[in-house]
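Worksheet: the structure to be examined is printed underneath.
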Amino acid sequence: MNAKHAPGCPLLQLDRVSLAIHDTPILHEISLSVDTGQTLGIIGESGSGKSMTALSIMQLLPRGAHLSGGIRFAGQQLQQLSEQRLCDLRGSDIGMIFQEPMTALNPVKSIGDQVSESIRLHRRVTRDESLEMTAHTLERVGLPNPAFPLDRYPHELSGGQRQRVVIAIAIACQPALLIADEPTTALDVTTQAGILELLRSLQQEEGLALILITHDLAVVSNMADDIVVMRNGRVVESGVMSRVFSQPAHPYTRTLFEASALTQVPRHDDARARRAHRGRGGRATPLLRVENLVCEYPGSRRGLFRHGPGFRAVDDVTFSIAHGESVALVGESGCGKSTLTRALLGLMKLHAGRIELDGESVSAAREVSRQARRQMQVVFQDPYGSFNPRHRVLRLVSEPLHVLPHRPSRTDRRARVSSVLESVGLQATDADKYIHEFSGGQRQRIAIARALIIEPSLIILDEAVSALDVSVRAQVLQLLDDLARGQGLAYLFISHDLSVVQRISDQVLVMRHGRIVEQGSTRSVFDNPAHEYTRQLLAAAPRLNDFGESTA
Amino acid sequence: MLHYLFRRSVALLATLVVASLIVFLVIEVVPGDPASYMLGMNAQPDTVAALRAELGLDQSRTLRYLHWVSGMLHGDFGRSYTYRTPVADMVADRLWVSLPLAIYALTLSTLIAFPAGIWAASRRGRLADSAVMGFTQLGIAVPNFWFALLLVMLFAIQLGWFSAGGFAGWDSGVLASLKSLTLPAVSLALPQAAILTRVMRSSLLDVLHDDFMRTARAKGLSARQALLRHALRNAMIPVLTIMGLQFSFLIAGAIIIENVFFLPGLGRLIFQSIAQRDLIVVESVVMLLVFAVVMVTFLVDVAYAWVDPRLRHQRR
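Here it is in structure tokens:
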């Protein structure tokens, strides 16, 4: 440890830090502190200012930023240090890990180069010594040498492995403080569990101070000593974690907890209500039937006319969805769920097997009938990228209407858009706005409205709530639930997140390496997982600690 | 890596074959028989026929194509219809002027554009950036022959440092030759440098917003170090593409500058040959240019792979 500081004074202390960028206030009087050997969790939804707090500590703010208040690290005021001194501090005494491991590494430099650069920058060592230290650091983060040589490039590594390299860069010089900004948000559950475990062990072994920034309460509940809850650039509540968890004082903290709990606790009575509704419909043919479906990608080209062995992304998958039923398809990235979605939508050639929608065959081999098309709609993950920004909501939402046999008139179209916007909790007047005027949650409502407008029987939700904040996610899930009950909609809910699925679905399919490894009712899968992989997934999913029950 | 380069060379070889076919066929359909053109308007039909036989023009197209291609592979480009000298010698003479000129101009343009582009990008939105951007605007807008005339007026007529035109010839020494190529190279390089500076700047600005630049700063690199060590190499792909295109253009596209400075370059040769219907020279020079473009493209591909490891490991 190279940071010396006065005893009795915490390692890092923010004292009423305010930040404005080009006169737009971003942070208001943030105060927090963290000491050696401690973990501080910063909780907040997107736009709450938690990342800007981290960048303020790093003194890596965008141009036009005006910072006031005191940031004290190891006895020195960071704002008063020269840029040269700050460069010496960054990466050496303060390390930082970022959210997006896929893009956080330089794609044209080997991982060894990128880790050793950090060491050579801050330590007077020879090239050989730095390489030795690099190998050691990579081993510490779980990338031991024979399997992960230093001359690997980032594109040869998975997301979790890349995040380990980013961590290696951050800890290579044994910093006193490590800031992790949403380090696991982009990762699968089992990968997330591994990264969190790594951070925890590093923190304990090196005795460093850790700031863990996340929107996920379950992640901090297992890690942090203290937490700070942020909203709109202000700290709304802070304190020892067990106290905040058991007796949240601020209404926003309570809302946050309720929203998190809402997505986690299954509501079997709701599921029963849905099943009762379906019973009234009383139709024998399933809405969607998938039989022995196989999808393959061609292998790499070996010659002018030869291909190598193909990759079987979906392997002998069979399942069905009844009218009004909500089925969840769970699996980690690369398990084949996206390929399966593409096949269902008729965007992908089927290698074998069949897909039937309401008794009619759907496949890319021939034109999918419009009749079949209007039965099925899709809502995608990214509420920011899946709309054309140059069209008004009216046009965006009414787009699917072209599959109807008779195009509705202009006034009819507007009436339909108005009613469907109202049914997803927006206003009829929103039809004349552009997409950038809406928040992420509102955009996802618009995406749902777009799917609803032709009154489909099945909506495929491809990670539709993964990008949303917890409280917004809870609202959208509630909306989906209401719509299902009101209109007898069936859902195919594709997700990597078990907690979301538990709340919304009647049936669960667990997918791995292109195969369905387990399927059954939501309750039986969650209560008695039969397959080893399902058990792993359940164990890896972070859960809210039961502070409330133990202290109450 | 080898796999990638092998695939690229196969593609480029195919380009050469297709290009040779097109060049040959286009020249075939152009009206005007070289033999009757060479003998003039009043030639006897049997004299023309004899010359056609001598030139091989009476053979079938396929045969003539194969003959032409195999000739080129042996370095035999045929004889000029007008001058009755081997085309290969004529082209080689001109190439000794055009190729050094192109390399000279590209070197100058790179030496100007790299620092200017990096400087502008690192001071985005400030005075330095605006100044550099203003100059590049000027460099793109003003035609190079006008630059050339200004340069001649200043450095050749006023100051007398350089000659106003002509080529000393490599026999008179490397320095003397380079000196006579300097003004043409500068006038070719300035507009190209202006374009290259803009490409460099905008490509760097794109990269500066990437996540890994933040990682680099968090590591403790200064803004300048991060730019030079991490951004530059990532920004190179578009820059290399433009440099490749510019070099290909410089080999034959310098015709106006060659005329301004009375340089015996390829551009002027091709212009004269077209005017004189010396189709075999046109054919050969065009093929040579295609070959040059293909070679430059290959070199750019190699440079891509050197810059970006993802291309080296590409399988499909």
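Here the protein sequences line up with chains A and B, keeping their order. The opening residue of the first sequence carries number 1 in the numbering used here; numbering runs sequentially from there. The opening residue of the second sequence carries number 1001 in the numbering used here; numbering runs sequentially from there. Even glycine gets a Cβ: it sits at the ideal position worked out from N, Cα and C. Everything numeric in this text was worked out from a predicted model, so none of it was measured.
Three-state secondary structure assigned by DSSP to residue i
i	result
B:Ala1164	coil
B:Leu1299	helix
A:Leu210	strand
A:Ile97	strand
A:Ala276	Low confidence applies to A:Ala276: its pLDDT is 46, below 50, so where it sits in the model is not reliable enough to give any reading.
A:Val330	strand
A:Asn145	coil
A:Ser238	strand
B:Asp1206	helix
B:Arg1316	For B:Arg1316, the pLDDT reaches just 39, beneath the cut-off of 50, and the residue's location in the model is therefore unreliable, leaving the point undetermined.
A:His268	Unreliable placement is indicated for A:His268, whose pLDDT of 47 sits below 50; no coordinate value is reported for it.
A:Glu291	strand
A:Tyr533	helix
B:Ala1014	helix
B:Asp1058	coil
A:Ala176	coil
A:Ser320	strand
B:Pro1045	helix
A:Thr411	helix
A:Ala313	strand
A:His66	strand
B:Pro1238	helix
Alpha-carbon spacing of residue i relative to residue j, whole angstroms
i	j	result
A:Cys295	A:Met511	14 Å
A:Arg278	A:Phe98	Note that A:Arg278 scores 48 on pLDDT, short of 50, meaning its location in the model is unreliable and no value can be drawn from it.
A:Gly385	A:Glu463	14 Å
B:Gly1006	B:Ala1019	Residue identity check: residue 1006 of chain B is Phe in the sequence provided, not Gly. For B:Phe1006 and B:Ala1019, the distance between alpha carbons rounds to 20 Å.
A:Val397	A:Ala428	12 Å
A:Thr184	A:Arg231	21 Å
A:Asp382	A:Ala467	7 Å
A:Met102	B:Leu1263	54 Å
B:Ala1128	B:Ala1189	21 Å
A:Asp509	A:Arg374	Checking the sequence shown, residue 509 of chain A turns out to be Leu, not Asp. Computed Cα separation, rounded: 25 Å.
A:Gly324	A:Gly488	5 Å
A:Arg515	A:Phe319	11 Å
B:Phe1247	B:Phe1298	13 Å
B:Lys1179	B:Ala1252	21 Å
A:Ala415	A:Ile446	15 Å
A:Leu212	A:Ala530	34 Å
A:Pro175	A:Leu11	12 Å
A:Asp15	A:Ala65	18 Å
B:Arg1312	A:Val379	37 Å
B:Ala1226	B:Ser1122	11 Å
A:Leu150	B:Arg1224	26 Å
Cβ neighbour criterion (16 or more within 10 Å) applied to residue i
i	result
A:Gly49	buried
A:Ala539	exposed
B:His1230	buried
A:Gln77	exposed
B:Gln1137	exposed
B:Asp1046	exposed
A:Leu350	buried
B:Met1001	exposed
B:Met1153	exposed
A:Ala352	exposed
B:Leu1175	exposed
A:Tyr252	buried
Query raised in the report: Taking any Cβ of chain B, which residues in the segment 102 to 118 of chain A have a Cβ under 9 Å from it, in chain order?
Result: Met102, Thr103, Ala104, Leu105, Asn106, Pro107, Val108, Lys109, Ser110, Gln114, Glu117 and Ser118
ask   = Using a Cβ cut-off of 7 Å, which residues of the segment 1124 to 1136 of chain B contact any Cβ in chain A, in chain order?
value = none
(message) Please identify, using Cβ separations under 8 Å, the residues of the segment 1186 to 1199 of chain B that lie next to chain A, in order along the chain.
(response) none
**Prompt:** What residues in the segment 1198 to 1226 of chain B have a beta carbon less than 9 Å from any beta carbon of chain A?
**Reply:** Asp1210, Asp1211, Phe1212, Met1213, Arg1214, Thr1215, Ala1216, Arg1217, Ala1218, Lys1219, Gly1220, Leu1221, Ser1222, Ala1223 and Gln1225
*Got a sec: which bits of the segment 88 to 103 of chain A sit with their beta carbon under 7 Å from any beta carbon on chain B, in order along the chain?*
Asp88, Arg90, Gly91, Ser92, Met96, Phe98, Glu100 and Thr103
Check: Between the segment 57 to 91 of chain A and chain B, which residues of the former have CB atoms less than 9 Å from a CB of the latter, in chain order?
Finding: Met58, Leu60, Arg63, Glu83, Gln84, Leu86, Cys87, Asp88, Leu89, Arg90 and Gly91
Which of the residues in the segment 1229 to 1245 of chain B, read from start to end, lie with their CB under 8 Å from any CB of chain A?
Arg1229, His1230, Arg1233 and Asn1234
Short of 7 Å Cβ to Cβ, which residues in the segment 121 to 152 of chain A face chain B?
Leu121 and His122
Chain B contacts made by the segment 155 to 170 of chain A, where a contact means CB separation under 8 Å
His155, Glu156, Val166, Ile169 and Ala170
Next item on the list: Please confirm if the segment 232 to 247 of chain A is in contact with the segment 61 to 78 of chain A, defined as three or more CB-CB distances below 8 Å between the two stretches.
Entry: no
Should the segment 174 to 182 of chain A be called in touch with the segment 54 to 63 of chain A, which here means at least 3 C-beta pairs below 8 Å? yes
I'd like to know if the segment 1118 to 1133 of chain B and the segment 1160 to 1171 of chain B are in contact, where contact means that at least 3 CB-CB pairs between them fall below 8 Å. no
Evaluate the contact criterion for the segment 214 to 223 of chain A versus the segment 153 to 167 of chain A: three or more CB pairs, one atom per stretch, below 8 Å.
-> no
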